[in-house]
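Read through the structure below, which is laid out as structure tokens, and then see the notes.
Here you go:
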């Protein structure tokens, strides 16, 4: 799959809940491979960003499957770990606001509050249950992707926070966005949401 296969707002599927995967099959593993190729193709087109993760809904498959990059600081490490039916079983630490972007939200970034530590339960690519603790950026990424499986996009957490929205300039630096002009009434971002 290519970056063009990644759906973006206002696509209505991004606001829908994904279905639980009851049995991990070859179809599931094929889906993970397609997600990985789309994520890497997107990354290859972006000089200042990595593809940290992707949810199946982002390639228009409403399955509770996400992939998380194995190494965030090394763009040459192109491996991802699949989590099937991921869920947070416990939130720990105080929520902290930090920057997030999304392959399905074009040119908008935001300072989103997330818990700093979480405990996660999921199935691995072989259908085995895995449980683990995540903290820092990994915890943020996992919460972001689980949101996708529930039809939530990161901007939904900060909809009314005028100073929480940013864009990336040509040098790869985040710059504030004019909320009134570009965010508040942007139908691409909010069409499926209540006013």
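Numbering (this note's numbering), first residue to last: 71 to 265. Think of the CB as a built atom: it goes at the ideal place given N, C-alpha and C, for glycine as much as any other residue.
Membership of residue 211 in the alpha helix (DSSP H) is indicated by the continuous run 206 to 219. Under the DSSP definition of a beta bridge, residue 133 partners with 89. For residue 79, there is no enclosing alpha helix (DSSP H), as DSSP marks it with neither H nor E. Residue 176 carries a strand assignment under DSSP once its states are collapsed to helix, strand and coil. In the displayed model, residue 184 falls within a strand according to three-state DSSP.
The way I'd put it, the segment 178 to 190 does touch the segment 218 to 236; three or more beta-carbon pairs between them come closer than 8 Å. Here residue 94 carries a coil assignment [DSSP, helix/strand/coil]. For residue 223, the secondary structure class from DSSP, reduced to helix, strand or coil, is coil. It is roughly 7 Å from the alpha-carbon of residue 93 to the alpha-carbon of residue 197. Put simply, the backbone Cα of residue 216 is about 29 Å away from that of residue 250. DSSP places residue 238 in the uninterrupted beta strand (DSSP E) bounded by 235 to 238.
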